[in-house]
Amino acid sequence: MNKLPITIDVEIPNDSDKIYDYTKHILDIIMEHLHLDLSYQRRIKLIIVELITNSIKHSNGLPTQIQLIIDHPQLSILKLEKGLQIEFSSPQQIPFENIEQKLHVSFSESNNHEIQPLDRYKFRFLNPIRKDELSLDRLPEHFGFYIITLASDSFIYQYDPEMKENRYIVNIKI
Numbered sequence: 273m274n275k276l277p278i279t280i281d282v283e284i285p286n287d288s289d290k291i292y293d294y295t296k297h298i299l300d301i302i303m304e305h306l307h308l309d310l311s312y313q314r315r316i317k318l319i320i321v322e323l324i325t326n327s328i329k330h331s332n333g334l335p336t337q338i339q340l341i342i343d344h345p346q347l348s349i350l351k352l353e354k355g356l357q358i359e360f361s362s363p364q365q366i367p368f369e370n371i372e373q374k375l376h377v378s379f380s381e382s383n384n385h386e387i388q389p390l391d392r393y394k395f396r397f398l399n400p401i402r403k404d405e406l407s408l409d410r411l412p413e414h415f416g417f418y419i420i421t422l423a424s425d426s427f428i429y430q431y432d433p434e435m436k437e438n439r440y441i442v443n444i445k446i
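Residues in the sequence shown are numbered consecutively from 273, following my numbering.
Shown next as structure tokens:
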């Protein structure tokens with residue numbers, strides 16, 4: 273048994289034709305260290321596909337890294353990318369002025385979500401509004417943040433204005 277935590281760094285390809293192979297590669301790396309049932313494997317695949325898709329769409333060709341941290345009883349998947357901070361439809365934007373208030377935000381025309389600011393540049397994705405109507409089995413692919421929120425136990429976004437770096441932090445209890 274390897275000593276925990278185990279940290280693995282990998283670079284995300286900037287080619288949508290490689291998403292399937294890359295997702296399989298990352299899952300294989302994780303499976304070298306953990307035995308996961310099919311349900312966990314599916315959740316992890318969905319998260320990785322959405323993180324990669326988001327990166328290809330928004331990184332403007334800049335290098336993007338994924339860091340896997342296996343520290344029983346948790347698997348953390350961090351995506352680090354350079355670029356502009358995340359934007360959503362809400363009167364409040366990053367940097368947040370009021371971090372005490374949950375915000376109802378939208379990342380697309382039909383995608384409603386709540387977030388909880390954690391500091392001026394960081395927020396946690398909360399369970400989607402109308403979660404009872406949503407299921408990973410019936411969710412369209414373009415609902416990436418919904419998918420990650422539903423498939424993970426915790427999903428946090430953080431922007432570093434000095435580094436101009438976006439961080440997506442996904443945690444799964446294993």
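Where is the CB? At the ideal position from N, CA and C, for every residue including glycine.
If you measure between the beta carbons of residue i and residue j, is that distance less than 8 Å?
i	j	result
I338	K317	no
I291	T336	no
D343	L276	yes
I302	L340	yes
Q357	Y440	no
Q346	K445	yes
H305	I278	yes
Since residue i sits in a beta bridge, which residues does DSSP pair it with?
i	result
Q346	D343 and K445
V377	H385
Q365	Partner(s): none; Q365 has no beta bridge.
Q337	E283 and L352
R396	Q388 and I428
I278	I342
How many angstroms separate the CA atom of residue i from the CA atom of residue j?
i	j	result
D391	P367	8 Å
F395	K354	18 Å
R314	D425	14 Å
H307	Q364	42 Å
S327	S288	10 Å
H330	T421	19 Å
V321	T295	6 Å
I349	N443	6 Å
D300	N286	20 Å
E372	Y393	13 Å
N438	L323	12 Å
Q388	K374	5 Å
Determine the extent of the beta strand (DSSP E) in which residue i is found, giving its start and end residues.
i	result
Q430	S426 to D432
K436	Neither: K436 is in no beta strand (DSSP E) and is coded neither H nor E.
R315	Note, R315: premise wrong, no beta strand (DSSP E); alpha helix (DSSP H) at L310 to H330.
Under the assumption that residue i contacts residue j (Cβ atoms under 8 Å), give the Cβ distance between them as a whole number of angstroms.
i	j	result
E369	H376	The Cβ separation is near 16 Å, so there is no contact.
I280	A423	That belief does not hold up - the Cβ atoms of I280 and A423 are roughly 20 Å apart, past 8 Å.
From what residue to what residue does the alpha helix (DSSP H) around residue i run?
i	result
D289	That residue, D289, is in no alpha helix (DSSP H); it is neither H nor E in DSSP.
I358	Where I358 is concerned, there is no enclosing alpha helix (DSSP H), given that its DSSP letter is neither H nor E.
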